[in-house]
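Take a look at the structure below.
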Amino acid sequence: MKILVVGSGGREHALCWSIAKSPLCEKLYCAPGNAGISDVAECLPIKAEDLDGLVAFVEQNDIGFVVVGPEAQLVDGLVDRMNAINIPAFGPSAAAAELEGSKGFMKDICAKYNVPTASYQRFTDLAAAKKYLDEQGAPIVIKTDGLAAGKGVTVAMTLEEAHTAVEEALSGRAFGAAGAEVVIEEFMQGEEVSFFVLTDGENYLPLASAQDHKCVGEGDTGPNTGGMGVYSPATILTPELEQQVLEQCIKPTIEGMKSEGHVYKGVLFAGLMLTETGPRLIEYNVRFGDPECQALCLRLKSDILPALLASAQGGLEDIKLEWHDETALLVVMAAKGYPASYEKNTVIKGVENAGSDPAVTVFHAGTARGNDGSLQAVGGRVLGVTALGSDIKEAQKKAYQAVDKISWDQGFCRRDIGWRELARNS
Numbered sequence: 031m032k033i034l035v036v037g038s039g040g041r042e043h044a045l046c047w048s049i050a051k052s053p054l055c056e057k058l059y060c061a062p063g064n065a066g067i068s069d070v071a072e073c074l075p076i077k078a079e080d081l082d083g084l085v086a087f088v089e090q091n092d093i094g095f096v097v098v099g100p101e102a103q104l105v106d107g108l109v110d111r112m113n114a115i116n117i118p119a120f121g122p123s124a125a126a127a128e129l130e131g132s133k134g135f136m137k138d139i140c141a142k143y144n145v146p147t148a149s150y151q152r153f154t155d156l157a158a159a160k161k162y163l164d165e166q167g168a169p170i171v172i173k174t175d176g177l178a179a180g181k182g183v184t185v186a187m188t189l190e191e192a193h194t195a196v197e198e199a200l201s202g203r204a205f206g207a208a209g210a211e212v213v214i215e216e217f218m219q220g221e222e223v224s225f226f227v228l229t230d231g232e233n234y235l236p237l238a239s240a241q242d243h244k245c246v247g248e249g250d251t252g253p254n255t256g257g258m259g260v261y262s263p264a265t266i267l268t269p270e271l272e273q274q275v276l277e278q279c280i281k282p283t284i285e286g287m288k289s290e291g292h293v294y295k296g297v298l299f300a301g302l303m304l305t306e307t308g309p310r311l312i313e314y315n316v317r318f319g320d321p322e323c324q325a326l327c328l329r330l331k332s333d334i335l336p337a338l339l340a341s342a343q344g345g346l347e348d349i350k351l352e353w354h355d356e357t358a359l360l361v362v363m364a365a366k367g368y369p370a371s372y373e374k375n376t377v378i379k380g381v382e383n384a385g386s387d388p389a390v391t392v393f394h395a396g397t398a399r400g401n402d403g404s405l406q407a408v409g410g411r412v413l414g415v416t417a418l419g420s421d422i423k424e425a426q427k428k429a430y431q432a433v434d435k436i437s438w439d440q441g442f443c444r445r446d447i448g449w450r451e452l453a454r455n456s
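Residue numbers for the sequence shown follow the numbering used here, so the first one is 31 and each next one is one higher.
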């Protein structure tokens, strides 16, 4: 069949890289894609947010399946648009995507169906929010209700920080409409881990765990980003804890969404805090994580396409997936200045050399080709240098050896990806 992947980041490069290998894939398109994706798919001059343009392309080009990468297009109803023209699409409906589109909605679902998570309150009024903060004290967590590109969360260690966060959100200055409501949550102590399952609305298929590194600086310091690196599997999520997550979080959420009339299909990404009292849900995302998706795709032995199709069309109970035993570790190379302002259209050299090791794959995010054919950085997070190793130590070593083959003066990376796992293994 002909397949269209929607998006332009490292997640979409990994999905295209995996789907292109499937014998079921006759022709692969990506809208809009990036310089790396163009090696495995035909990139289209259609923006991900141009839903009308995407629908028209699908209708005119006999597309058999659509895979939606980013959360914004899921929340905006791209899967619904495809289903309306009888095209199967991977991802939840707009109503089901509210699990990520609205933090308040997600927390209300968790409360109703007894999913263990932080206690919370929702606010649109600044005075009421500040009063609640004063009552609760710090540390405390403030989240914008709507989508804020991974930047709408403040872990306030002082009341002053907390007051500033609610003022910036509710005034509309910092996040626009996304911050018109805030969710204020209890601060949870523990270690974070990501866990993924596929679901067709009835059945679910566990994928794998991973640990992202959200802060821009080494030792998990500095402002939050979309993710500066990741490794998979995260051994801190033991098989026993994984089973607990499936029974206490995943199963009641999928069943709850169905009983609410919002059948959830696609990938369900649980961000978890491993606390002293067991795993608790931080939040759900309704798409593959970026950069977690890249590490998962590198570890996946099986053809990904039948699993994606079954999530969209049913029959997931018949799908079995095999995984490489090795650890995958990804280092994000970002533009200097990220997550604040950064220079664009700087030239990157040496990427082919970095990927010459068969254990290394370089996934592209914010890249484009210049008129002279040069590889240019056009985003904040630009490359995901990903390596497979027999253990975390070997995977880390291979990833950084590959990073050091890339010549890009305007780029930087964290040098400690996997540090928690390495400390556990030492």
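We treat Cβ as the ideally placed atom computed from N, Cα and C, and that holds for glycine. On a predicted model such as this, the values are computed, not experimentally measured, just so you know.
query: Mind checking Gln219: buried by the 16 CB within 10 Å criterion, or exposed?
result: exposed
field: Collapsed DSSP secondary structure at Val88 in the structure displayed
entry: helix
- request: Compute every distance between the C-beta of Asp230 and the non-hydrogen atoms of the ligand ATP, then say whether any falls below 7 Å.
  value: Looking for the ligand ATP in the displayed structure turns up nothing, as the structure carries no ligands at all.
- prompt: Just how far apart, CA to CA, sit Leu129 and Ala50?
  reply: 30 Å
query: Three-state secondary structure (DSSP) at Ser437?
result: strand
- request: Assign Ile115 to buried or exposed, taking buried as 16 or more other Cβ atoms, counted over all protein chains shown, within 10 Å of its Cβ.
  value: exposed
Leu330, enclosing beta strand (DSSP E) - first and last residue: Taken as a continuous stretch (DSSP letters only), Leu330 belongs to no beta strand (DSSP E), as it is neither H nor E.
query: Buried or exposed: which applies to Ile445, given that a residue is buried once 16 or more other Cβ atoms fall within 10 Å of its Cβ?
result: Sequence check: residue 445 is Arg here, not Ile. It is exposed - the Cβ of Arg445 has fewer than 16 other Cβ atoms within 10 Å.
query: For the alpha helix (DSSP H) that Pro336 lies in, which residues bound it at each end?
result: Leu335 to Gln343
Integer Cβ distance of Ala264 from Glu451, believed to fall under 8 Å: 7 Å
field: Assigned exposure category for Pro253 - 16 Cβ within 10 Å defines buried
entry: exposed
query: Roughly how many angstroms lie between the CA atoms of Tyr59 and Gly319, to the nearest whole one?
result: 21 Å
- request: Going by DSSP, name the residue or residues bridged to Gln241.
  value: Tyr261
- prompt: Using DSSP with H/G/I as helix, E/B as strand and the rest coil, what is Ser149?
  reply: coil
- request: Whole angstroms is fine: what's the gap from Asp110's alpha carbon to Glu165's?
  value: 43 Å
task: Can you have a look at Arg203 and say buried or exposed, based on whether 16 or more other CB atoms are within 10 angstroms of its CB?
output: exposed
Option nearest Cys245 by Cα separation, candidates Gly380, Gly344 and Gly257: Gly257
For Gln343, the nearest candidate out of Val96, His43, Glu72 and Lys77 (CA to CA): Val96
message: Can you check which of these residues, Glu272, Ala340, Val392 and Met136, is closest to Lys428 by C-alpha distance?
response: Val392
message: Could you give the first and the last residue of the continuous beta strand (DSSP E) run that contains Asn315?
response: Gly308 to Asn315
query: Start and end of the alpha helix (DSSP H) containing Arg399?
result: Taken as a continuous stretch (DSSP letters only), Arg399 belongs to no alpha helix (DSSP H), being part of the beta strand (DSSP E) at Thr397 to Arg399.
- request: Compare the Cα-Cα distances from Tyr150 to each of Ala126, Gly409 and Asp175 and report the closest residue.
  value: Asp175
- prompt: Where Asp434 and Gly385 are concerned, what is the direct C-alpha to C-alpha distance, given to the nearest angstrom?
  reply: 11 Å
task: Decide yes or no for the touch test of the stretch 69-76 against the stretch 279-296: beta carbon pairs closer than 8 Å, at least 3 of them.
output: no
- prompt: In the DSSP assignment, what residue or residues form a beta bridge with Val297?
  reply: Leu228
field: Cβ shell of Glu352 (< 6 Å), same chain only, five flanking positions each side left out
entry: Lys331 and Ser332
field: Helix, strand or coil at Lys423 according to DSSP, with G and I counted as helix
entry: helix
task: If I'm right that Ile170 touches Phe217 with Cβ under 8 Å, what's the distance once you round it to whole angstroms?
output: 5 Å
- request: Assign Asn254 to one of three DSSP states: helix, strand, or coil.
  value: strand
field: Among Gly182, Lys181 and Val196, nearest to Thr188 - alpha-carbon criterion
entry: Val196
- prompt: Hey, would you say Ser201 sits closer than 8 Å to Ala238, going by beta carbons?
  reply: no
field: Range of the contiguous beta strand (DSSP E) that encloses Glu216
entry: Val212 to Glu216
- prompt: Would a C-beta distance cut-off of 8 Å place Pro388 and Leu360 closer than the cut-off?
  reply: no
- prompt: When you compare each of Asp421, Ala417 and Trp438 to Gln431 by their alpha carbons, which one comes out closest?
  reply: Ala417
Contact belief for Ile172 with Val212 at Cβ below 8 Å, rounded distance in angstroms: 6 Å
Per-residue DSSP class, three states only, for Glu221: strand
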